[in-house]
Amino acid sequence: MRRIVAFLTVFSILGACGAEGPPVRPTLSTTVSANSGGVYGGVRTGLRVGGVDLGVGVGL
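Below is the structure:
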């Protein structure tokens, strides 16, 4: 049991500081706009790895 806890602790620390590679961060954004044609919204979610942003968005 101690080995498992030590293993998880070490890899959590490495993952937090990015020692094994660039950190992977989830992203989420929402937009709402209103004009004479109505109210529109959108949702976008993705992952940011280093300087690369991969995502998918939907307009409502």
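Just so we're aligned: 12 in the numbering used here is position 9 of the sequence shown, and the numbers increase by one with no gaps anywhere.
C-beta atoms are modelled at their ideal positions from N, C-alpha and C, and glycine is treated no differently.
- Under the three-state reduction of DSSP output, S32 falls in the strand class.
- Going by C-alpha positions, G62 is about 12 Å away from T48.
- A distance below 8 Å separates the beta carbons of T33 and G44.
- Per DSSP, reduced to three states, the secondary structure at L63 is coil, with no helix or strand assignment.
- Of all alpha-carbon atoms in T12, P26, L11, I7, the one lying nearest the alpha-carbon of V52 is that of P26.
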